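These protein sequence lines map, in sequence, to chains A and B. When the letters of the first sequence are read in order and numbered with my numbering, they come out as residues 1 to 396. When the letters of the second sequence are read in order and numbered with my numbering, they come out as residues 1001 to 1323. Heads up, the beta-carbon is just placed ideally off N, CA and C, and yes, glycines get one too. Fair warning: this is a prediction, and the values are worked out from it, not measured in the lab. Have a look at the structure below before the remarks.
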Amino acid sequence: MSLRAWRAGVHKEFLLLFHDWHALLLLFAMPLAFLVIMSLAMQDEFAQHAGEKMRVIVLDLDDSAASQALAAALASSGTVTVHSAEPGTALRDQMRAQAAAFGIEIKRGYGAALPKATSPLSATVVLTVAADTTRQTELIFTGTLREILARERLSAILGPLAVLSGTDGFESANAQPAVEYAYQSKGEARAPSAVQQNVPAWLVFGAFFVVIPLSNTLIRERQQGTLKRLRTMPVGQGTLLLGKLAPYFIVNLVQVMLMMAAGMWLVPALGGEALELKGSPSALALVCAAVSVAALGYALLISSVTRTTEQATLLGGAGNLILAAIGGIMVPKFVMPQAMQQLTNVSPMAWGLEGFLDVLLHDAGTREVLPEAAALAAFGAVALAIAWAMLKRTEI
Amino acid sequence: MALPLPTSDSAAAAIAVRGVSYRYASSAVLALDDVSFEVPRAEIFGLLGPNGAGKSTLLGLMSGSLKIQSGEIWIEGESLARRARHVKRISAVVPQEYAFYEALTGRQNLDYFGSVFGLSRRERTRREEAAVEICRLQEHLGRAAGQYSGGLKRRLNLAIGLLNEPKILYLDEPTVGIDAESRRCILDAVRALKARGTTIVYTSHYMEEVEELCDSVAVIDHGRVVLRDRMQNLLRREGAEHLQIALVEPTPDVVRLLEAFAPTHVDHKVWSCTVPAGRLSEVLAALERHDIRYERLHYGVSRLEKIYLELLLADKSQREATP
């Protein structure tokens, strides 16, 4: 590969991009606007889980009649489905694996503490809230749990007479569970916010929009005879394409930085919650690179199967919207019905979003995001290979 | 009217095309059918033919933008199939389209294409200056190429093709749709390149231009070479008894006089008629007697356009007659 020719290609692509204000607006202003608007509009207002009851996993370490009664009371409340925790696996891991909204750990001594009105139950009942559980859902469920605990305590103290009395007098601070959040591995208590969903979502969306400027440039080159001229020069297709793709890889990285910065400073300045950067920087870089490879593969594929800039804009733009709609970008995955949640798995945007959420919410490291990164890289590699072969075969 | 092809050693010719056929993936018909010819070094070779005849396909194959399916092409003694990259280093194409980036300035375009050839900055600058000078672009390099006039765009198109100082240059209709000044500039550049020893393959629909510039010519129709000859031979052979006069001023008196000789072709100032050798002195005497001034007078030389059109007509009749 001629390094000089490659560098010239990179420089030329940047010059063309800087001359194209529409493309710059599309790549930077559009996802930024979506991010800000949606973060503010959806602040702590994610819709409730629809179509099925929330899952609650109960880890019963007390194994007493009282603890079993608590689990039974939860199950009969009608708002949740209760599942017993598997022994030997951490409660949070089980919650993540089973997509449970809450986990309840009933510690040893719960049965003994229950009849003692002065003993706080937060010492023996710990509620863990999943990262993607909305604040509203959390408030409703903790209210329900508080009521059940008060009733259980009343029953334990009064026995059969409890039915004659209300629970009001016992629904005190001492009858409340301790609440923790599953996305926090370092013991900090912060609820997930709209910005944590929207920054990675619109970041991935924006990254895939390189399809428009990239395909338009390539198609114009084909239409204007520039590609024909380049083919008659002593430079390989690999050098030309790498020179074309490298600037957009950098554009994707700049998009990530810009969107992160907007989540950290712009959204809170406008009254929203701030994005906190957690997780491993290397995992974040890996997901960024993988998303970019997938986006570039998609863009080159669209460029190779279309003949006019109109076709590319329509196919690339509409394709992006569909991938975003089914990929949990526009509507968060966790509010989708089960069948739709399964469908998100076909969209590479969903893989990218999952990767970012793993890093930002679940404190994931490089190893944890490898499946998403590998899927994205594989998608990008296959798309690039098909596009490469098609461009090579094109008679111009 | 198809003539036998001159034969020579492939290595001695600048370009040797041998038995080349090509079919596009989307077509059932051959775009080129067993095409063979040679182009001597440092000559301008006119490649003529109607639209869709196969000229662009042939240029695409010779320049390496299309892959050879059958036959062989030798450029400066090197097989194009085996040494494509080397051949691309010593040849250049100036396509009919404005094959550059309109958003970039003339200078940025030259820099980019110069770098694609892998030239160092110093060498690139030297060659850019030479190309800019020959195409007279000095005052326009700072503007976006999209703002250029048609003529300037053609000149920039040509300048880019000169950056690798090619031994072989393919010019695909380089003067189409431009003003007289730019046309003159490009034709001057072509002559200068020939004088430096560059072999030029020149396609154009302007027969006068081809007649004026080219040393030899091939006509291609329906994918086959139907004529190949040196320009002088062709015009002389086909032009027996043909008189052509380019008048200074075609006044009504002059026109009346010339009409007496039954002109076969009239193009404003240029009159053509058939005059047997025995009557030529009579015509010249009449011109002298009436003091008719003319820019040039050719006898026994035909015009390329006439030959070309007759050739295509004959080829069409032959094809229609063949079941």
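Quiz item: In the segment 226-244 of chain A, which residues sit with their C-beta less than 8 Å from some C-beta in chain B, listed in chain order?
Solution: Thr226, Lys228, Arg229, Leu230, Arg231, Thr232, Met233, Pro234, Val235
Quiz prompt | Listed by chain order, chain B residues near Gln224 (chain A) by CB distance under 7 Å | solution = Glu1097, Tyr1098, Ala1099
Quiz item: Taking Cβ-Cβ distances shorter than 8 Å, what residues in chain A pair up with Ala1025 (chain B)?
Solution: Arg393, Glu395
Self-check item: Limits of the unbroken beta strand (DSSP E) element including Asp1172 (chain B)
Solution: 1168-1172
Quiz item: What in chain B is Cβ-close to Leu214 (chain A), meaning under 9 Å?
Solution: Under the 9 Å cutoff, chain B gives no residues; its nearest Cβ is about 15 Å from Leu214 (chain A).
Quiz item: Do the CB positions of Phe1117 (chain B) and Ala1145 (chain B) come within less than 7 Å of each other?
Solution: No.
Quiz item: Looking at the structure shown, is Glu1038 (chain B) part of a helix, part of a strand, or coil, going by DSSP?
Solution: strand
Quiz item: Which residues mark the beginning and the end of the beta strand (DSSP E) in which Arg1228 (chain B) is found?
Solution: 1224-1230
Exercise. Compare the C-alpha of Ile326 (chain A) against each of A:Ser347, A:Glu152, A:Gly316 and name the closest.
Key: A:Ser347
Practice problem: List the DSSP bridge partners of Asp62 (chain A). | Solution: Answer is none; Asp62 (chain A) lacks a bridge partner.
Practice problem: Measure the Cβ-Cβ separation of Ile1178 (chain B) and Gly1223 (chain B) and say whether it is below 7 Å. | Solution: no
Exercise. Please compile the residues from chain B whose C-beta is within a distance smaller than 7 Å of the C-beta of Arg4 (chain A).
Key: Ser1115, Gly1118
Exercise. Report the partner residues of Tyr298 (chain A) according to the DSSP bridge assignment.
Key: Per DSSP, none; premise fails for Tyr298 (chain A).
Quiz prompt | Cβ of Lys1088 (chain B) within 7 Å of any chain A Cβ | solution = yes
Quiz item: In angstroms, rounded to a whole number, what distance separates the CA positions of Gln1318 (chain B) and Ala381 (chain A)?
Solution: 54 Å
Quiz prompt | Counterpart residues of Val210 (chain A) in DSSP-defined beta bridges | solution = Per DSSP, none; premise fails for Val210 (chain A).
Quiz item: Listing by chain order, which chain A residues have their CB less than 7 Å from the CB of Arg1085 (chain B)?
Solution: Pro234
Quiz item: Is the shortest distance between the beta-carbon of Ala1262 (chain B) and the beta-carbons of chain A less than 7 Å?
Solution: no
Practice problem: Would you please state the rounded distance, in angstroms, between the beta carbons of Leu1213 (chain B) and Val1301 (chain B)? I believe it to be under 8 Å. | Solution: Their Cβ separation, rounded to whole angstroms, is 16 Å, which puts Leu1213 (chain B) and Val1301 (chain B) out of contact at 8 Å.
Quiz prompt | From B:Ser1026, B:Leu1048, B:Ala1103, B:Val1020, residue whose alpha carbon lies closest to that of Thr226 (chain A) | solution = B:Ala1103
Quiz item: To which residues of the same chain is Lys955 (chain B) closer than 7 Å at the C-beta, ignoring the five residues directly before and after it?
Solution: This structure gives no information on residue 955 (chain B), because the portion of chain B shown stretches from 1001 to 1323.
Exercise. Just confirm the distance between the C-beta atoms of Leu17 (chain A) and Pro247 (chain A), as a whole number of angstroms; I'd bet it's less than 8 Å.
Key: 6 Å
Exercise. Taking Glu221 (chain A) and Leu1066 (chain B) to be in contact with their CB atoms under 8 Å, please state how far apart those CB atoms are, rounded to whole angstroms.
Key: That belief does not hold up - the Cβ atoms of Glu221 (chain A) and Leu1066 (chain B) are roughly 17 Å apart, past 8 Å.
Quiz item: Is the distance from the Cβ of Val1219 (chain B) to the Cβ of Leu1059 (chain B) below 7 Å?
Solution: no
Exercise. Compare the C-alpha of Gly1077 (chain B) against each of B:Tyr1024, B:Tyr1206, B:Arg1127, B:Ala1012 and name the closest.
Key: Looking from the CA of Gly1077 (chain B), the closest CA among B:Tyr1024, B:Tyr1206, B:Arg1127, B:Ala1012 belongs to B:Ala1012.
Self-check item: Beta-carbon spacing of Leu353 (chain A), Leu300 (chain A) below 7 Å
Solution: no
Practice problem: Sort out for me which residues DSSP pairs Ile1044 (chain B) with in a bridge. | Solution: B:Ile1200
Self-check item: Test: Leu15 (chain A) CB closer than 7 Å to a CB of chain B
Solution: Yes, because at least one Cβ of chain B sits closer than 7 Å to the Cβ of Leu15 (chain A).
Self-check item: Distance between Leu61 (chain A) and Ser122 (chain A) (C-alpha atoms, nearest Å)
Solution: 15 Å
Quiz item: From what residue to what residue does the beta strand (DSSP E) around Gln1244 (chain B) run?
Solution: 1242-1247
Quiz item: Assuming Asn252 (chain A) and Ala294 (chain A) make a contact with CB atoms under 8 Å, what is their CB distance in whole Å?
Solution: Their Cβ separation, rounded to whole angstroms, is 10 Å, which puts Asn252 (chain A) and Ala294 (chain A) out of contact at 8 Å.
Self-check item: Counted within 10 angstroms of its Cβ, other Cβ atoms place Trp351 (chain A) as buried (16 or more) or exposed
Solution: So Trp351 (chain A) ends up on the buried side.
Exercise. Give the DSSP-derived three-state secondary structure of Glu171 (chain A) in the structure shown.
Key: Summary for Glu171 (chain A): the model assigns pLDDT 48, below 50, so the residue's position carries little reliability; its value from the coordinates is reported in the next sentence. Glu171 (chain A): coil per DSSP, three-state reduction.
Quiz prompt | Distance cut-off 6 Å: Val251 (chain A) Cβ against heavy atoms of the ligand FAD | solution = With respect to small molecules bound, the structure shown includes none, and the ligand FAD cannot be examined in it.
Self-check item: Secondary structure of Arg153 (chain A), DSSP reduced to three states
Solution: helix
Practice problem: Under the assumption that Ala5 (chain A) contacts Val235 (chain A) (Cβ atoms under 8 Å), give the Cβ distance between them as a whole number of angstroms. | Solution: 5 Å
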